[in-house]
Amino acid sequence: MTKNLKDPKAPSGPTKVGQFIVHIDRDLCIGAGTCVALALKAFALDEQGKAVILDSADKETEDMLLEAARSCPTAAIILKKESGEKIFPQ
Ligand code: SF4
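Going letter by letter, the sequence shown gives residues 0 to 89 in numbering that gives the first Met the number 0.
So this is what it looks like as structure tokens:
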């Protein structure tokens, strides 16, 4: 399996990262890797070419996580607050 995952039971989330709950919709993810390039500590691609959330994700700033989510060509990265309020996509 890919590097150190934040939650091995749910490699693509939903997983708490900082103040966000991060979830990658694996059906939408096309493995474009934009998120990995922008937030190397938070995301990696697994052997299926789908983005997963790394153990080191907390080292990325919330701004960078948001930037990565905004940059995903298929809007596969879903960010929520712990309250359930959606941050992205809106
Ligand atoms: S940018 Fe989006 S499509 Fe590309 S790997 Fe990340 S989640 Fe998947």
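The beta-carbon is built from N, C-alpha and C at its ideal position, and this holds for glycine as well.
Check: Which of helix, strand or coil DSSP assigns to Leu4; Outcome: strand
Check: Cβ neighbour criterion (16 or more within 10 Å) applied to Ile23; Outcome: buried
Check: Beta-carbon proximity of Gly30 to Gly17, cut-off 8 Å; Outcome: no
Check: Residues that Val51 bridges to, as DSSP identifies them; Outcome: Ala43
Check: Cβ-Cβ separation, Ala67 to Ala38 (assumed contact under 8 Å), whole Å; Outcome: 4 Å
Check: Counterpart residues of Val35 in DSSP-defined beta bridges; Outcome: Answer is none; Val35 lacks a bridge partner.
Check: First through last residue of the beta strand (DSSP E) which encompasses Leu27; Outcome: No beta strand (DSSP E) holds Leu27; DSSP gives it neither H nor E.
Check: Chain C contact for Glu61 (CB, 8 Å cutoff); Outcome: Absent here is chain C; the protein component of the structure consists of one chain.
Check: Straight-line Cα distance separating Ile76 from Ser11; Outcome: 9 Å
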